[in-house]
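Enquirer: Numbering (our numbering), first residue to last: 68 to 480. Each residue gets a CB set at the ideal place from its N, CA and C atoms; glycine is no exception.
#1: Shortest alpha-carbon distance to residue 109 belongs to which of 217, 123, 181 and 177?
#2: Just the Cα atoms here: how many angstroms apart are residue 125 and residue 178?
#3: Since residue 392 and residue 446 are thought to touch, with beta carbons under 8 Å apart, how far apart are those beta carbons, to the nearest angstrom?
#4: Where does residue 253 fall in DSSP's three states?
#5: With a CB to CB cut of under 8 Å and the five nearest residues on each side skipped, what residues in its chain are close to residue 373?
#6: By the three-class DSSP mapping on this structure, what secondary structure does residue 100 have?
#7: Measure the C-alpha to C-alpha separation of residue 463 and residue 365 and round it to an integer number of angstroms.
#8: Under 9 Å, do residue 345 and residue 395 count as touching if we go by C-beta distance?
#9: For the candidate residues 361, 122, 259 and 452, whose alpha-carbon lies nearest to that of residue 330?
#10: If I'm right that residue 417 touches residue 411 with Cβ under 8 Å, what's the distance once you round it to whole angstroms?
#11: Got a sec? Which residues, its chain only, sit under 7 Å from residue 275 by beta carbon, not counting five neighbours each side?
#12: Can you tell me whether residue 215 is helix, strand or coil according to DSSP?
#13: Is the beta carbon of residue 227 sitting closer than 9 Å to the one on residue 263?
#14: Assuming contact is defined by CB atoms lying nearer than 9 Å, are residue 357 and residue 436 in contact in what I supplied?
#15: Which complete alpha helix (DSSP H) runs does the region 268-336 hold, if anything under 4 residues is left out?
#16: Tell me whether the beta-carbon of residue 351 lies closer than 9 Å to the beta-carbon of residue 466.
#17: Got a sec, what are the start and stop residues for the alpha helix (DSSP H) residue 358 sits in?
#18: Would you grab the beta carbon distance between residue 216 and residue 238 for me? Rounded to a whole angstrom, and I think it's under 8 Å.
#19: What first and last residue would you give for the alpha helix (DSSP H) that runs through residue 450?
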């Protein structure tokens, strides 16, 4: 018996405190509390009832003692009537019967008031909390993958209305983010799958030809190497985009003038090959930020300006001091870009009309990376189509320490 009792006690304790999962992990079951509507109703009814009870008590005691004072302490100028003890007792008895009747009536009215206040509180709490029920249903649908639901709450502007608007904005932001991620995943898989399929086809063709010479094999291997290099650049760009979107920045003091000059030196061979004319107006400016990501952003903008330009076209690079930061403006000639398609150029793997088949075409992640880097630094990237063709990109990075520079623009043609 003692052994059974010793085994039963822990089981009873487990029932009281919760169940135990396999492996010894304990799962607690907290008792379900009353709903918010019920608690608001009880609070409202309790406050009304308590206030009514206090009021009845004050009226009762005031009536009792004031009445007794008037009955047994009359004014001095009125002659006193000779009363006997039985008459005084009769007056006292009638007074207490009257007070008792008033008290019973007040208690009955208080009970009715409690019921009415509880009913009114239940109805009002239901109307006030109805948006929360809709919000709960929308949250459950969002958890199952449906982000299209919106509350669109109408009525007075109060805290619940503001919460509903914030909830709608959150759902809209999540829907946009998931849509962008789905397109990104589809485009990324396409961008990587196509070169891999091309590589496999080239290798299969080379292996299936028994008379392939060493020169043929070398030519195939060269093309495979170029394809792999393009894949590596795409993967590196994807990693840069992920780093920029993560928001984890290595904050350092970055010399933007030197960063732009370094990026110009990188594209110098392509500028010379296509006979492009570059004019620059650079000013000394330093901003706090990630030097690697900022260098990558400036390089992407200048590389796009050269790559999607026309032979013999122009590239204009200018810097300006802001009240708190630096503005970098890069303008390039090129084919006409539709104004309604400019914003889509920010999305990964998206190229404007006339920009996808340009020689030396990149991976389509340049402007997406620049946008993410600018956002991570608290700045912005603005794009606009030039009336005569080409694109103008304006990159703003806040938080800079600038020094006015009276130097004239430096032009490199």
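Expert: On the basis of the coordinates in this document:
#1: The residue given as residue 109 occupies position 42 in the chain shown. Closest option to residue 109, Cα to Cα, is 181.
#2: On the chain shown, residue 125 is found 58 positions in, with the first residue counted as 1. On the chain shown, residue 178 is found 111 positions in, with the first residue counted as 1. Distance between the alpha carbons of residue 125 and residue 178: 17 Å.
#3: Residue 392 sits at position 325 when you count from the first residue of the chain shown. Residue 446 sits at position 379 when you count from the first residue of the chain shown. Yes, residue 392 and residue 446 are in contact; Cβ-Cβ is about 7 Å, under 8 Å.
#4: Taking the chain shown and counting its residues from 1, the one referred to as residue 253 is at position 186. It is helical.
#5: For the purposes of this step, residue 373 is taken as the residue at position 306 of the chain shown. Excluding its 5 nearest sequence neighbours in each direction, residue 373 has C-beta neighbours in its own chain below 8 Å: 334, 337, 338, 341, 343, 382 and 399, listed in chain order.
#6: Working through the chain shown from its first residue, we reach residue 100 at position 33. Looking at residue 100 - three-state DSSP - the assignment turns out to be coil, as it is neither helix nor strand.
#7: Translated into positions along the chain shown, residue 463 becomes position 396. Translated into positions along the chain shown, residue 365 becomes position 298. So the two alpha carbons sit approximately 11 Å from each other.
#8: Indexing the chain shown from 1 puts residue 345 at position 278. Indexing the chain shown from 1 puts residue 395 at position 328. Judged by their CB atoms, residue 345 and residue 395 are not nearer to each other than the 9 Å cut-off.
#9: Counting from 1 along the chain shown, the entry for residue 330 is found at position 263. Minimum Cα distance to residue 330 is reached at 361.
#10: Taking the chain shown and counting its residues from 1, one reaches residue 417 at position 350. Taking the chain shown and counting its residues from 1, one reaches residue 411 at position 344. Residue 417 to residue 411, Cβ: 5 Å. Contact.
#11: One-based indexing of the chain shown puts residue 275 at position 208. Within the same chain, residue 275 has no close Cβ partners at all.
#12: Along the chain shown, one-based indexing puts residue 215 at 148. Residue state, collapsed to three classes: coil.
#13: Here residue 227 refers to the residue found at position 160 when the chain shown is read from its first residue. Here residue 263 refers to the residue found at position 196 when the chain shown is read from its first residue. No, the pair does not count as a contact, with Cβ atoms beyond the cut-off.
#14: Position 290 of the chain shown holds residue 357. Position 369 of the chain shown holds residue 436. No. Outside cutoff.
#15: 281-313 and 323-333
#16: As a working mapping, residue 351 is identified with position 284 in the chain shown. As a working mapping, residue 466 is identified with position 399 in the chain shown. No, these two residues do not count as a Cβ contact at 9 Å.
#17: Walking along the chain shown from the start, residue 358 turns up at place 291. Counting along the chain, the alpha helix (DSSP H) containing residue 358 begins and ends at 358-374.
#18: Within the chain shown, numbered from 1, the residue matching residue 216 stands at position 149. Within the chain shown, numbered from 1, the residue matching residue 238 stands at position 171. Indeed they touch by this definition, with Cβ atoms about 7 Å apart.
#19: Position 383 of the chain shown, counted from the start, is the residue given in the question as residue 450. Element bounds for residue 450: not the alpha helix (DSSP H) but the beta strand (DSSP E), 447-452.
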